[in-house]
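The numbering of the sequence shown is this note's numbering, which starts it at 1 and goes up by one.
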Amino acid sequence: MTKLIYTNSKKCVIAGNVEISIDSYIKDIDIDKEVFNYLQFLENQEIEGLRLEDFFLYNHVGMYCFERHAIYEKLKNIFYCFFVIERIKKEFGDEIIVHTDQIIMLSICTDIFNLKEGEQCFYAQPLKAQKKLKIKVGLKLILRNIIGIKGYLKFLINNKKDRYNFLSISNVMNINMINIEGRSELVDTQLGITIDALSKKYNMFNFQALYNFNAIDKSLKYKKDYVTFELFVLYKKLVGNKYIDKKLIEDNLEKLNFINYTYKQYDLRSIINKYIFKDIKNRYLDDIKELVCARNVIKKFNIKNCIVVDEGDRPREFIMAANMENVRTYALQHGIISPMSPAYIMNSRYKDKIIPNCTFVWGEKYKKILTENTNIYDDDNVKVVGQSRTDLLQQYINKEKKEDSKIKILYATQYYKDILEPATNILFKALCLMEKEYELIIKLHPADKYYHIYESLIEQYNIKNVKILEDGDIYEIINWCDVVVSVHSTVVIEGALLDKPSICILLPKYNDAGGFVRDGVSLGAKDEYDLKNYLEGIKNMSFENRFSEYIKNNFYKVDGKVTDRIVSIILKNDNMGGEKT
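And the structure:
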């Protein structure tokens with residue numbers, strides 16, 4: 001009898017005495033493509049003239065856009081489990097036993113593939129981590145919000161001056177240590193330099209979000225003014241319901257029952273309703289609450305412009321709120337955009353409300369993706385300016401580096417556990433195979449809270465010459481290294497800009513998700529043997545032509561003037577340089 005173990009700590013197939021990685025069964029499946037196509041299949045169905053985005057409206061605008069990315073990620077989890085069981089059943093038939101602590105895997109087994117719980121499928125309730133808010137963290141949160149209140153009071157004082165009020169939504173996750181003129185400084189490398197430039201003309205109201213307590217120390221050490229997003233969340237909880245006009249809600253969620261959920265010959269209706277749409281109304285109502293509170297903030301403080309990073313769920317709430325108040329809205333591209341990016345690639349009848357008046361993108365490639373794959377982006381609302389972070393790179397370009405016989409490896413992590421565990425295992429197995437000496441720096445993603453996993457794996461594989469860095473100047477580390485290793489971190493891009501080669505680990509669930517291998521800027525390693533060979537030969541390879549072609553297609557200019565171009569467009573749209581007349 002073949003056994004599938006699919007738990008939080010272990011995922012493998014045991015056939016006889018052989019243990020086989022689950023990924024080997026699905027390595028030829030493009031899961032992103034399958035999920036995105038299925039999502040579009042659901043979205044394009046019409047039920048009595050209404051589509052999925054029309055099933056729940058507020059003030060004649062669909063709330064679906066706020067939940068779309070989350071729906072996509074949940075679908076991806078469902079499809080991953082589906083493909084695992086489908087492939088294993090295809091090889092071993094019904095003679096399988098499944099042990100899992102994942103409730104979605106249990107449902108896939110019993111509801112879709114008709115495995116019998118208790119006979120063929122055994123479910124163990126996962127141990128719940130004790131989520132005790134430690135006194136130390138609680139004190140830090142209090143201190144952070146005191147800083148936020150000070151930022152709010154400073155904004156109120158400046159509000160009396162003859163400047164327009166400008167709202168920005170930033171994120172602690174984007175704060176990084178950078179060396180500036182010989183001193184280390186915490187910098188918001190996404191929106192911070194743009195906010196600094198805008199503050200010379202506008203009265204900035206910067207909401208700073210904290211989604212990961214591990215990053216709280218950065219926010220406490222950050223020297224720029226901000227208002228904590230937690231204050232807005234508290235405001236929403238206290239008064240949000242009061243501002244909702246229930247007469248503006250149009251609820252047609254019963255039409256979810258008439259959608260065709262078929263994938264191949266399987267009906268996924270029950271599992272999608274159970275894990276995606278079961279609580280969708282409550283999520284939509286919470287979106288409305290946040291939307292009306294954001295509108296109230298914009299009206300109360302007479303906001304004239306709004307800028308956010310990316311267009312994920314929460315930033316989009318403020319974009320829509322500002323659009324409803326006829327406030328000019330802007331967004332900066334945060335990461336790689338592909339033809340299957342759920343936060344961007346959509347077709348909607350609510351174009352004028354759900355996207356910014358202007359989206360600043362890195363290069364013509366991304367503008368082309370947006371304008372050719374959606375009906376909401378066009379030549380007027382997408383501006384190519386370059387990547388603002390490259391303005392910080394000028395001091396690092398062509399910086400001399402000492403030659404060394406050791407291979408210096410920068411491993412740029414990502415914060416999803418189903419990325420970091422298999423990728424780190426592949427990297428460490430490759431290092432164990434290597435004959436050449438190496439040095440390894442593991443640079444944790446700002447949201448990566450799994451320090452202990454890396455420590456455990458270092459001990460398990462007996463990895464030498466390794467450092468784990470939670471902080472540090474990422475550009476200095478890139479300059480230090482000979483090669484960047486990642487799955488699809490945008491550190492690969494900074495590496496290319498600093499003339500550093502990269503190797504992307506290709507995982508079945510995240511197979512070249514950034515498109516770096518496809519675009520020729522990175523090498524792709526499917527396993528530890530590929531990775532070992534690439535690492536040992538990396539110093540003998542030439543990447544100059546690859547990099548120049550990639551930069552040409554993906555970036556407008558790397559000239560230190562990206563922020564100037566962004567601010568110039570904003571000032572031009574205001575026709576008065578940001579000053580009141």
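Cβ coordinates follow ideal geometry from the N, Cα and C atoms, glycine included.
Review point. Alpha carbon to alpha carbon, what distance is there between I14 and K3?
Key: K3 and I14 have their C-alpha atoms roughly 5 Å apart.
Exercise for review: Indicate whether Y80 and T100 have their beta-carbon atoms separated by less than 8 Å.
Suggested key: no
Check your understanding: Is the segment 286 to 297 close to the segment 46 to 66, with three or more CB pairs under 8 Å?
Key -> yes
Review point. Alpha carbon to alpha carbon, what distance is there between M1 and I437?
Key: Correcting the residue identity first, residue 437 is Glu in this sequence and not Ile. In a straight line, the C-alpha of E437 is about 44 Å away from that of M1.
Practice item. Take A215 as the anchor and find which of L139, V172, L253 has the nearest alpha-carbon. Key: V172
Review point. So I551 packs on V558, CB below 8 Å; how close in whole Å?
Key: With 8 Å as the limit, I551 and V558 qualify as a contact, their Cβ atoms being about 7 Å apart.
Review point. Taking DSSP as the reference, what is the three-state secondary structure of H99?
Key: Strand.
Review point. Helix, strand or coil for L57 per DSSP?
Key: Residue state, collapsed to three classes: strand.
Review point. If you check the beta carbons only, do Y38 and Y275 fall under 8 Å apart?
Key: no
Check your understanding: Per DSSP, which one or two residues make a beta bridge with K443?
Key -> A412, L469
Practice item. Would you tell me roughly how many angstroms separate the C-alpha atoms of D519 and N357, rounded to the nearest one? Key: 29 Å
Point to revise | Close beta carbons around Q45, own chain, < 8 Å, minus the five adjacent residues each side | key: R51, L52, I259, N260
Check your understanding: Quick one, are the C-beta atoms of P508 and M541 less than 8 Å apart?
Key -> No.
Exercise for review: Give the DSSP bridge partners of I14, in chain order.
Suggested key: K3, E19
**Study point:** Endpoints, the alpha helix (DSSP H) within which N37 is located
**Key:** 31 to 43
Point to revise | DSSP state of N165 mapped onto helix, strand, coil | key: Of the three classes helix, strand and coil, the one that applies to N165 here is strand, per DSSP.
Practice item. Tell me whether Q208 sits in a helix, a strand or coil according to DSSP, three-state version. Key: strand
Check your understanding: Which residues share a DSSP beta bridge with A525?
Key -> I505
**Study point:** Close Cβ partners of I582 (< 6 Å) along its chain, the five nearest in sequence each way excluded
**Key:** Past the boundaries of the shown model lies residue 582; the chain is included only from 1 to 581, so the question cannot be answered.
Check your understanding: Helix, strand or coil: how does DSSP classify D379 here?
Key -> coil
Review point. Going along the chain, which residues of its own chain have a beta-carbon closer than 6 Å to the beta-carbon of D473, five neighbours each way excluded?
Key: M177, I178, N179
Exercise for review: Look at the Cβ atom of M340, then the Cβ atom of R295, and state whether they are nearer than 8 Å.
Suggested key: no
Review point. Quick one: what's got a C-beta closer than 7 Å to Y25's C-beta in the same chain, skipping five residues either side?
Key: V84, R87, I88
Review point. Quick one: any contact between the segment 415 to 430 and the segment 182 to 197, if contact means 3 or more CB pairs under 8 Å?
Key: no
**Study point:** Alpha carbon of E549 to alpha carbon of S388, nearest angstrom
**Key:** 20 Å
Check your understanding: Under three-state DSSP, which class holds G578?
Key -> Any reading at G578 needs caution, since the residue's pLDDT is 48, under 50, leaving its predicted position unreliable; the model's value is listed next. Coil at G578, not helix or strand.
Exercise for review: Assign K304 to one of three DSSP states: helix, strand, or coil.
Suggested key: strand
Practice item. Could you name the residues that DSSP lists as bridge partners for F122? Key: H99
Practice item. Assuming Y450 contacts I468 (C-beta within less than 8 Å), just tell me the rounded distance between them. Key: Y450 to I468, Cβ: 10 Å. No contact.
Check your understanding: Taking the C-alpha atoms as reference points, what is the distance between V18 and D28?
Key -> Computed Cα separation, rounded: 22 Å.
Review point. Start and end of the alpha helix (DSSP H) containing F428?
Key: 417 to 433
Check your understanding: Whose CA, out of Y58, Y510, V233, V187, lies closest to the CA of N145?
Key -> V233
Check your understanding: In terms of residue numbering, what span does the beta strand (DSSP E) encompassing I180 cover?
Key -> Residue range 175 to 180 is occupied by the beta strand (DSSP E) that includes I180.
Review point. Hey, how far is the Cα of I369 from the Cα of G495?
Key: 23 Å
Practice item. Report the rounded CA-to-CA distance for G363 versus E403, giving the unit in angstroms. Key: One C-alpha to the other measures close to 33 Å.
Review point. Can you tell me the Cα-Cα spacing of M204 and I5, whole angstroms?
Key: 52 Å
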